[in-house]
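J.:
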Amino acid sequence: FYGVIDNDNLVVIGWVPEDMSEMGIILHNYGTIRNLQVKINYDFDLTGLDGHTVGGIVCYNEKEGVIEKCSVTMLRASYLDFMSNVGGIVGVNKGTIRNCLAAADVTTYGTFGVIVGVNYGSIEDSCGIGNIIQKVKKYEGCYELSQVGGIAGINETGGTISNCVGGTLDDSYLRVVIDVAYVDDEALAPYSGPIAGKNNGEISGCSNYGYAIDTGNLHSWWAWFHTYDQLKNINNIV
């Protein structure tokens, strides 16, 4: 998409993915999308080893793409596999997102951000709310990495997140529950945070009002003159 969308009417989407690996109202956005309010009437169940990239509005927001004053309610997913990169607004962002809001009710094993799954671009003045259950499972004997953030699952090198909020001061909360078994395994160390689960870029001027995390069975222990910490990747970066 290379044009301009400016629409203040509610758009209701009922997706039936049919095992597609890339999904969004728009697959690649190079244009400007403004004032688009989306309600998604579909409960995602994404499985398989091929990987899925999904955005509630745009799958890939390219470097030239601008998304502003948009919202997505309610993105629901009963199962997102560990190979998935999913965002309430955008799956992978390389452009600009500003003044956006997304709400999610998601169970995920993979990379999930309420606004963006993986961010290489700019996210400004946006808010993520809802309930997220973060699970971690083994694949071929190893724990897979799981990344969950109230704004971005991963904020990659070059990515910036500024003046954003994970949760709000009123009833619009953001809650993350990490659901894993109790095991002494140092490889079990998921990434989770109110703004970005994993951050390799820059985060500034953000807040975590209304944010709560339940780390469940994650724990630290001491063995063989070494302290192991499954909570080492849980952050509160704002």
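According to this note's numbering, the sequence shown is numbered sequentially starting from 220.
Heads up, the beta-carbon is just placed ideally off N, CA and C, and yes, glycines get one too.
These figures come from a predicted structure and were not determined experimentally.
1. Would residue 271 be called buried (16 or more neighbouring beta carbons within 10 Å of its own) or exposed?
2. For residue 300 and residue 354, I'd like the C-alpha separation in whole angstroms.
3. DSSP three-state call for residue 370: helix, strand or coil?
4. In chain order, what residues of the same chain lie with their CB nearer than 6 Å to the CB of residue 320, ignoring the 5 residues before and after it?
5. Under the three-state reduction of DSSP, which class applies to residue 449: helix, strand or coil?
6. Decide yes or no for the touch test of the region 348 to 367 against the region 410 to 424: beta carbon pairs closer than 8 Å, at least 3 of them.
7. Our contact map puts residue 307 next to residue 294 with C-beta atoms below 8 Å; I'd like the distance itself, whole angstroms only.
8. What are the boundary residues of the beta strand (DSSP E) that includes residue 439?
9. Please check the pair residue 426 and residue 457, which I expect to be a contact at CB under 8 Å, by giving their CB distance rounded to whole angstroms.
10. On the DSSP letters alone, give me the boundaries of the beta strand (DSSP E) that residue 210 sits inside.
11. Below 8 Å on the Cβ atoms is my guess for residue 309 versus residue 276; work out the distance and round it to an integer in Å.
12. Closest by CA to residue 400, which one among 392, 409, 393?
13. Between residue 351 and residue 371, how many whole angstroms is the CB-CB distance? I'm expecting something under 8 Å.
14. Do residue 274 and the ligand GTP come close, with the Cβ less than 7 Å from some heavy atom?
15. Go ahead and pull the three-state DSSP assignment for residue 286.
16. What number of angstroms, rounded off, separates the C-alpha of residue 447 from the C-alpha of residue 302?
T.: Considering the structure as presented:
1. In the sequence shown, the residue the question calls residue 271 occupies position 52. With 16 or more other Cβ atoms within 10 Å, it is buried.
2. As a position in the sequence shown, residue 300 is number 81, starting the count at 1. As a position in the sequence shown, residue 354 is number 135, starting the count at 1. For residue 300 and residue 354, the distance between alpha carbons rounds to 10 Å.
3. Locating residue 370 in the sequence shown gives position 151, where the first residue counts as 1. Reduced to three states, the DSSP call for residue 370 is coil.
4. Within the sequence shown, numbered from 1, the residue matching residue 320 stands at position 101. Around residue 320: 290, 346.
5. On the sequence shown, position 230 is the one that residue 449 refers to. Reduced to three states, the DSSP call for residue 449 is coil.
6. yes
7. Residue numbering aside, residue 307 sits at position 88 when the sequence shown is read from its first letter. Residue numbering aside, residue 294 sits at position 75 when the sequence shown is read from its first letter. At roughly 5 Å, the Cβ-Cβ gap stays under 8 Å, so residue 307 and residue 294 are in contact.
8. To locate residue 439, count along the sequence shown from 1; it is residue 220. Start and end: 439 to 442.
9. As a working note, residue 426 is residue 207 in the sequence shown. As a working note, residue 457 is residue 238 in the sequence shown. Indeed, because the Cβ distance is near 5 Å, the residues count as touching under 8 Å.
10. Outside the displayed range of the chain (220 to 457) lies residue 210, so it cannot be described from this structure.
11. Residue 309 sits at position 90 when you count from the first residue of the sequence shown. Residue 276 sits at position 57 when you count from the first residue of the sequence shown. Yes, they are in contact, since the Cβ atoms of residue 309 and residue 276 sit about 7 Å apart, within 8 Å.
12. Residue numbering aside, residue 400 sits at position 181 when the sequence shown is read from its first letter. Looking at the Cα atoms, 409 is the closest of the given residues.
13. Position 132 of the sequence shown holds residue 351. Position 152 of the sequence shown holds residue 371. Not a contact, Cβ separation roughly 13 Å.
14. Ligands displayed in this structure: none; no statement on the ligand GTP is therefore possible.
15. Your numbering for residue 286 matches position 67 in the sequence shown. Note: residue 286 maps to strand in three-state DSSP.
16. As a first step, residue 447 is located in the sequence shown; it is residue number 228 there, counting from the start. As a first step, residue 302 is located in the sequence shown; it is residue number 83 there, counting from the start. Cα to Cα, residue 447 sits roughly 26 Å from residue 302.
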